[in-house]
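Q: What follows is a single structure, and I will ask about it in a moment.
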Amino acid sequence: MRSIARTTGISIPFPVVADRTGEVACLYGMVAPDVSKQETVRNVFLIDPNQIIRAILIYPLTNGRSIPEILRLVDALQTTDADKVVTPANWQPGQPALVPPPQTYSALLEREKDPEELGLTCKDWFWCYKQLPNGKENAGNK
Numbered sequence: 002m003r004s005i006a007r008t009t010g011i012s013i014p015f016p017v018v019a020d021r022t023g024e025v026a027c028l029y030g031m032v033a034p035d036v037s038k039q040e041t042v043r044n045v046f047l048i049d050p051n052q053i054i055r056a057i058l059i060y061p062l063t064n065g066r067s068i069p070e071i072l073r074l075v076d077a078l079q080t081t082d083a084d085k086v087v088t089p090a091n092w093q094p095g096q097p098a099l100v101p102p103p104q105t106y107s108a109l110l111e112r113e114k115d116p117e118e119l120g121l122t123c124k125d126w127f128w129c130y131k132q133l134p135n136g137k138e139n140a141g142n143k
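All residue numbers for the sequence shown refer to the working numbering, where the first residue is 2 and numbers rise by one.
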């Protein structure tokens, strides 16, 4: 971490776990019984503050990870948690997010009555999106 900061000037703003013994991986059930503990595993696990695994990205040993995609996924998870929205494929912070469909008939009627008043742009009753307020696209990143 210090080497990255020293050579690039970038400090990593989130916790990173070095699990040289495999203890953390075993606690989370990440190690398959037939896999050598000596071999590098090319998986990325995104674990939320409640210790819940939210995403697992698996890469072949021969290929590197996409750090921009990992950071985009962290932003998307934080945004969906904070704003109760859904992010579509290739979503980037600052772009509109999808709003889950109404769960009741009365919520459906309310949405259809005046979606603009609710801050929504709708293509149909189940396909609505909204622009998040400035600064909200990364609301969970504190």
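C-beta: ideal position from N, C-alpha, C; glycine also.
If you're wondering where the values come from, they're calculated on a predicted model, not measured in any experiment.
With a floor of 3 residues, list each beta strand (DSSP E) that falls wholly inside the segment 36-108, ordered by position along the chain.
A: Whole beta strand (DSSP E) segments, 3+ residues: 44-48, 54-59, 98-100.
Q: Are the beta-carbon atoms belonging to R55 and L47 less than 8 Å from one another?
A: Yes. Within cutoff.
Q: Give the DSSP-derived three-state secondary structure of T9 in the structure shown.
A: If DSSP states are grouped into helix, strand and coil, T9 belongs with the helices.
Q: Taking the alpha-carbon positions, what's the N142 to D76 distance?
A: For N142, the pLDDT reaches just 42, beneath the cut-off of 50, and the residue's location in the model is therefore unreliable, leaving the point undetermined.
Q: Can you have a look at W126 and say buried or exposed, based on whether 16 or more other CB atoms are within 10 angstroms of its CB?
A: Its Cβ having fewer than 16 others within 10 Å, W126 is exposed.
Q: When you compare only the Cα positions, how much space is there between G23 and V45?
A: Approximately 14 Å, taken between the alpha carbons.
Q: Could you tell me the boundaries of the beta strand (DSSP E) in which T122 lies?
A: First-last of the beta strand (DSSP E) with T122: 122-125.
Q: Can you give me the Cβ contacts of N91 inside the same chain, cut-off strictly under 6 Å, excluding the 5 residues immediately before and after it?
A: Hits under 6 Å: none found.
Q: Within the same chain, show all residues whose beta-carbon is closer than 6 Å to that of Q132, passing over the 5 residues directly before and after it, in chain order.
A: Answer for Q132: P97, listed in chain order.
Q: Could you pull the DSSP bridge partners for Y29 from this structure?
A: The partner list for Y29 (beta bridge, DSSP) is empty, contrary to what the question assumes.
Q: So, is Q104 buried or exposed, given that buried needs 16 or more other C-beta atoms within 10 angstroms?
A: Classification for Q104: exposed.
Q: Drop a sphere of 10 angstroms on the beta-carbon of V86, count the other beta-carbons inside from all chains shown, and report buried for 16 or more, exposed for fewer.
A: Label assigned to V86: buried.
Q: Based on Cα-Cα distance, which residue from L119, V25, D20, Q79 lies nearest to D49?
A: Taking only the C-alpha atoms, the option nearest D49 is Q79.
Q: Quick check: the Cα distance between P102 and W128, rounded to an integer number of angstroms?
A: The straight-line gap from Cα to Cα measures roughly 7 Å.
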